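Novice: I am attaching a structure below and will ask some questions about it afterwards.
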């Protein structure tokens with residue numbers, strides 16, 4: 012038979028010789044050494060009949076002769092969808108692959124030796140050798156088959172544990188590392204004997220009204236090391252009250268009517284009362300409250316007073332609000348009821364402090380007129396710091412100057428205790444003679460129906476000079492008298508006036 016094969020090959024070569032440029036063009040398949048002369052694989056792990064290995068196993072192929080290690084190593088590989096990394100080395104006629112890190116459990120790999128593997132004498136293997144194998148006994152990942160509380164459960168007790176049931180025995184450490192509740196809760200695990208279910212018992216009570224998410228990540232592995240097939244997530248809600256609270260209205264304390272945004276005519280001395288549809292968590296509600304002065308974005312400080320049912324709160328500012336100003340009351344969705352249900356939307360009320368709704372001291376105090384009434388003739392001064400008024404004072408050209416009476420008429424009755432220290436008169440310029448004015452008297456008189464609405468300033472030693480009169484405004488300046496529960500109002504600024512004295 013061997014002689015017949017040689018004769019056939021010789022005849023084929025003789026036939027091809029006129030048509031081929033050289034012998035190398037003869038088809039390669041016809042030049043492959045007979046199987047009896049090619050190297051052969053006598054063993055492998057895994058073998059074609061044993062298609063699973065452990066994650067730490069070495070895989071190998073053993074030949075029937077000494078091989079060209081370099082050429083054979085190039086033809087040798089272990090691959091898969093995600094090729095493993097590791098070390099290829101020789102032990103006699105056996106080539107081995109040691110995974111580093113270990114094979115991934117549940118993953119399919121392919122052991123391959125290409126046809127180009129060669130023996131030491133240069134004879135190629137000639138055919139490809141393939142073995143498909145699986146790490147572990149199965150490729151499907153474990154799964155969560157049940158959970159308690161069930162998905163989207165309502166009315167869960169604050170002391171309830173969480174239980175997870177899995178499709179097969181699990182590696183406990185990896186499961187515990189991959190499990191968590193959100194919001195975060197600390198607790199302990201109790202496993203079944205078969206390691207296919209566990210109970211997580213929180214160390215402290217769950218928060219009423221809170222929705223918790225149960226999470227198990229793909230870091231969880233079964234007893235063979237196969238990862239969870241998909242991330243598991245479920246949720247439940249603690250408590251039985253799921254009705255969101257509502258702000259029923261905001262009013263000035265003592266008023267029967269709610270304010271409607273944008274509101275006007277709010278008293279600067281108001282305490283703002285907010286009513287709710289149910290009892291509220293006072294700490295969360297107070298933290299969510301803000302009263303903002305809008306022109307300078309300052310937050311109004313104050314304290315809170317709750318009724319016994321905790322469904323009404325009063326905000327009491329530390330001091331009166333600024334007259335004729337815009338404010339914004341904001342209650343954010345951080346406010347919640349006793350079950351932890353938050354407001355669905357921010358509540359906003361814009362309002363303006365002024366006297367348009369009947370408050371008497373919620374506009375600024377105004378100076379209506381400034382007159383010199385003595386000595387005659389009476390003269391009216393300009394009510395601005397730009398125009399220089401000129402008044403006549405008898406004796407102002409003498410060595411000691413002359414006296415004058417200034418009358419200042421205000422829009423409100425004044426608080427006598429705030430007047431004397433809150434104005435000044437000084438000489439600005441002039442040497443004829445260089446006299447400084449002397450305040451010899453201060454009086455308050457009625458102005459029409461308003462008692463104490465006219466301030467009388469008696470001045471002595473006025474020379475032929477230019478003088479500067481300043482009234483001090485603001486909360487600590489000249490104030491109007493209190494009216495009922497309303498505190499006094501004040502001048503918005505520090506008005507200034509300049510006048511020159513002539514004889």
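Numbering (my numbering), first residue to last: 12 to 514.
Heads up, the beta-carbon is just placed ideally off N, CA and C, and yes, glycines get one too.
Treat the numbers as computed from the prediction; the structure is a model and nothing was measured.
1. Among 114, 399 and 499, which residue has its Cα nearest to the Cα of residue 489?
2. Return helix, strand or coil for residue 85, following the three-state DSSP convention.
3. Are residue 418 and residue 361 touching if we call contact CB-CB under 9 angstroms?
4. Out of 458, 115, 222 and 226, state which residue places its alpha-carbon closest to the alpha-carbon of residue 157.
5. Between residue 223 and residue 253, how many whole angstroms is the CB-CB distance? I'm expecting something under 8 angstroms.
6. Who are the Cβ neighbours of residue 325 in its own chain at under 6 angstroms, not counting the five residues just before and after it?
7. Could you give the DSSP three-state label for residue 451: helix, strand or coil?
8. Please state whether the Cβ-Cβ distance between residue 233 and residue 116 is less than 9 angstroms.
9. Note down the Cα distance separating residue 251 from residue 170, rounded to an integer number of angstroms.
10. Look up residue 314 in the DSSP assignment and give the residues it is bridged to.
11. Counting Cβ pairs closer than 8 angstroms, one from the region 92 to 101 and one from the region 129 to 143, do we hit at least three?
12. How many Å lie between residue 461 and residue 359 at the Cα?
13. Going by other Cβ atoms of all chains shown within 10 Å of its Cβ, with 16 needed for buried, is residue 150 buried or exposed?
14. Any idea which residues DSSP pairs residue 302 with across the strands?
15. Taking only the alpha-carbon atoms, compute the straight-line gap between residue 90 and residue 209 and give it to the nearest angstrom.
16. Reducing DSSP to helix, strand and coil, say where residue 129 ends up.
17. Within 10 angstroms of its Cβ, does residue 184 collect 16 or more other Cβ (buried), or is it exposed?
18. Skipping 5 residues on each side, what residues in its chain have a beta carbon closer than 7 angstroms to that of residue 42?
19. Is it true that the region 285 to 294 meets the region 345 to 359, where meeting means three or more beta-carbon pairs spaced less than 8 angstroms apart?
20. In terms of residues, what are the limits of the alpha helix (DSSP H) holding residue 189?
21. Can you give me the Cβ contacts of residue 76 inside the same chain, cut-off strictly under 6 angstroms, excluding the 5 residues immediately before and after it?
22. Looking at the secondary structure, which residues open and close the beta strand (DSSP E) in which residue 235 lies?
23. From the DSSP output, in three-state form, read off residue 71 for me.
Specialist: Result, derived from the coordinates:
1. 499
2. helix
3. no
4. 226
5. Not quite, the Cβ-Cβ distance comes to about 14 angstroms (not below 8 angstroms), so this is no contact.
6. 264, 282, 284 and 316
7. strand
8. yes
9. 14 angstroms
10. 327
11. no
12. 39 angstroms
13. exposed
14. 340
15. 37 angstroms
16. strand
17. exposed
18. No answer about residue 42 holds up, because its pLDDT of 46 lies below 50 and its placement is not dependable.
19. yes
20. 183 to 189
21. 50 and 130
22. Unbroken run through residue 235: none, as it is neither H nor E.
23. strand
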